[in-house]
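Chemist: Residue numbers (the numbering used here): 580 to 782.
Glycine is no exception: its CB is placed at the ideal position from the N, C-alpha and C atoms.
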Amino acid sequence: MNHPRPKARISRALGIPLTRKCTKYFERRPYPPGVHGRARRKPSDYQVRLLEKQRLRHQYNVSETQLRRAFDDAVRGAGKTGDTLVSLLERRLDAVVHRAGLARTVYQARQLVAHGHFSVDGVKVDRPSYRLRPGQVVEVRERSRTKPPFQLAAAGAHTGDGPTAPYLSVSLSELTATLLREPARSEVPIICDEQLVVEFYSR
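1. Are the beta-carbon atoms belonging to Glu643 and Arg636 less than 8 Å from one another?
2. Provide the residue span of the beta strand (DSSP E) that contains Glu544, from first to last.
3. From Val614 to Lys586, what does the alpha carbon distance come to, in whole angstroms?
4. Nearest to Glu718 by alpha carbon, out of Asp772, Gly735, Pro727 and Val692?
5. Per DSSP, what are the beta-bridge partners of Phe783 in this structure?
6. Go through the stretch 705 to 778 residue by residue and report every complete run of the beta strand (DSSP E) that reaches 3 residues or more, in order.
7. What's the call for Asp651, buried or exposed, on a 16-neighbour Cβ count within 10 Å?
8. Report yes if the CB atom of Pro713 is closer than 8 Å to the CB atom of Leu747, and no otherwise.
9. Under DSSP, the alpha helix (DSSP H) around Tyr625 begins and ends at which residues?
10. Mind checking who Lys703 pairs with in its DSSP beta bridge?
11. Go ahead and label Ser590 buried or exposed: buried means 16 or more other beta carbons lie within 10 angstroms of its beta carbon, across all protein chains shown.
12. Identify the residues that DSSP records as bridge partners of Arg671: which are they?
13. Alpha carbon to alpha carbon, how far is Phe779 from Arg710? Give it in angstroms, no decimals.
14. Once the 5 residues before and after His677 are set aside, which same chain residues still bring their CB inside 7 Å of it?
15. The alpha helix (DSSP H) with Thr644 in it runs from where to where?
16. Give the secondary structure of Ala682 by DSSP, where H, G and I count as helix, E and B as strand, and everything else as coil.
17. Please determine if the stretch 719 to 730 and the stretch 765 to 781 are in contact, where contact requires at least 3 C-beta pairs separated by less than 8 Å.
18. Could you give the C-beta distance for Ala649 and Leu672, rounded to a whole number, given that I count them as a contact under 8 Å?
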């Protein structure tokens, strides 16, 4: 769900840079956009929880309906609801493609998946919301491997943020990634207090 607003403007509204490219714009103007962006008022409890929910939603580039569905699944799961929610979102196909370094951003990952460039266990999957299970293998389809985005990925152009997530086994040269296990919350590099998101939906 690519939002039509510029990513830098959304980043300023949320208080976090959503992409590496947004970082310099966010650092230059670290306050909300608009004529009243500098006029900071003390937010209400509702506003604090709403902001955390929006932060989580935009970091995974999902719609409100998709986030609510993931929350409902997390409530039914075992363990802490907030940790389970993040784990479910992190197992989305577009999120795995991004974390594996096969796409520059989660926005690009969503587009590449939707255009049918990836397969899971040898079967073409074009749903970014597809939820992976431990042991499943994601790979770039043979016919797509020569395209420029994947040539860049194979050269390691998208791994500038540090080592690959420990719950993934990645071979950039082969353009494949395997989900080894369910992600732990401490291993997921998102900026969000998921307990506030739980409180928002539980109100």
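Modeler: In short, the structure shows the following:
1. The residue labelled residue 643 in the question sits at position 64 within the sequence shown. The residue labelled residue 636 in the question sits at position 57 within the sequence shown. Closer than 8 Å, so yes.
2. Nothing about residue 544 can be read from this structure; the chain reaches only from 580 to 782.
3. Here the question's residue 614 lines up with position 35 in the sequence shown. Here the question's residue 586 lines up with position 7 in the sequence shown. No answer about Val614 holds up, because its pLDDT of 45 lies below 50 and its placement is not dependable.
4. Taking the sequence shown and counting its residues from 1, one reaches residue 718 at position 139. Considering only alpha carbons, the answer is Val692.
5. Outside the shown range of the chain (580 to 782) lies residue 783, about which nothing can therefore be said.
6. 716 to 719, 747 to 750 and 755 to 758
7. Numbered from its first residue, the sequence shown carries residue 651 at position 72. Exposed, by the Cβ-count rule.
8. Working through the sequence shown from its first residue, we reach residue 713 at position 134. Working through the sequence shown from its first residue, we reach residue 747 at position 168. The answer is no: Cβ separation not under 8 Å.
9. What you label residue 625 is simply residue 46 of the sequence shown in a count that begins at 1. Segment Asp624 to Gln638, the alpha helix (DSSP H) holding Tyr625.
10. Reading the sequence shown from its first residue, position 124 is the one you call residue 703. Partner(s): Ser698.
11. The residue labelled residue 590 in the question sits at position 11 within the sequence shown. Looking at its Cβ environment, which holds 16 or more other Cβ atoms inside 10 Å, Ser590 is buried.
12. Residue numbering aside, residue 671 sits at position 92 when the sequence shown is read from its first letter. Its beta-bridge partners are Arg710.
13. Indexing the sequence shown from 1 puts residue 710 at position 131. Indexing the sequence shown from 1 puts residue 779 at position 200. So the two alpha carbons sit approximately 24 Å from each other.
14. Taking the sequence shown and counting its residues from 1, the one referred to as residue 677 is at position 98. Cβ neighbours of His677 beyond the five flanking positions: Thr684, Val685 and Ala688.
15. For this step, residue 644 is matched to residue 65 along the sequence shown. That run of the alpha helix (DSSP H) goes Glu643 to Arg655.
16. As a first step, residue 682 must be located in the sequence shown, where it is residue number 103. Three-state result, Ala682: coil.
17. no
18. Translated into positions along the sequence shown, residue 649 becomes position 70. Translated into positions along the sequence shown, residue 672 becomes position 93. Ala649 to Leu672, Cβ: 14 Å. No contact.
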